[in-house]
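Below is one structure, written out as structure tokens; the observations come after it.
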Amino acid sequence: MATEKTPFELAMKEVVLIKPSKPTPFSVLHLSSLDHIPDLNILCHTLHVYRSKVDDHDEPSCPNHQLLHPADVIKAALSKALVYYYPLAGRLVDHTDGNWKPMLLASFLLSVTGMALTWKLQKT
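Take 58 as the starting number for the sequence shown in the numbering used here and just add one per residue.
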């Protein structure tokens with residue numbers, strides 16, 4: 058794993074809300090006692106990078122070329138997965154008892170698709 062930081066520029070192409078592909082139940086869930094320990098409450102930011110099989114500037118090599126784009130494949134897969142794992146798309150709300158609880162109403166995930174403008178990946 059590379060330890061040096063390599064700066065790169067990103068252009069944001071699209072911001073969409075990913076909803077479950079089928080209706081999901083509305084509920085408010087209770088978290089475990091571990092979830093109420095402040096030292097364990099962290100927010101993790103991640104960046105996932107995938108190489109497209111279809112270059113945005115090239116002609117499509119097959120009729121379903123849009124399905125080959127990693128962002129489209131991931132969005133479709135998340136939409137299907139949220140039917141079964143809908144609590145992952147819930148929102149944490151401060152409940153009247155002072156504890157955080159996931160509320161599962163109009164659940165969705167936010168997806169941001171971008172494209173690297175200048176970036177060089179080096180193997181180490």
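Built from N, CA and C at the ideal position, the CB exists for glycine as well.
These figures come from a predicted structure and were not determined experimentally.
| Query | Result |
| --- | --- |
| Ignore the nearest five residues each way along the sequence and tell me which others in residue 136's own chain have a CB closer than 7 Å to its CB. | 75, 76, 77 and 78 |
| I'd like the span of the alpha helix (DSSP H) that includes residue 140, first residue to last. | 127 to 141 |
| Count the other C-beta atoms from every protein chain shown that fall within 10 angstroms of the C-beta of residue 143, then say buried if there are 16 or more, exposed otherwise. | buried |
| To the nearest angstrom, how far is the alpha carbon of residue 128 from that of residue 169? | 9 Å |
| Could you give the DSSP three-state label for residue 77: helix, strand or coil? | coil |
| Check whether the Cβ atoms of residue 159 and residue 147 sit closer than 7 Å, and answer yes or no. | yes |
| Given this structure, state the Cα-to-Cα distance separating residue 80 from residue 87, to the nearest angstrom. | 21 Å |
| Give me the residue from 152, 131 and 102 with the minimum Cα distance to residue 73. | 131 |
| With C-beta atoms as the reference, is residue 157 less than 7 Å away from residue 145? | no |
| So if DSSP puts residue 85 in a beta bridge, which residue, or which two residues, is it bridged to? | 160 |
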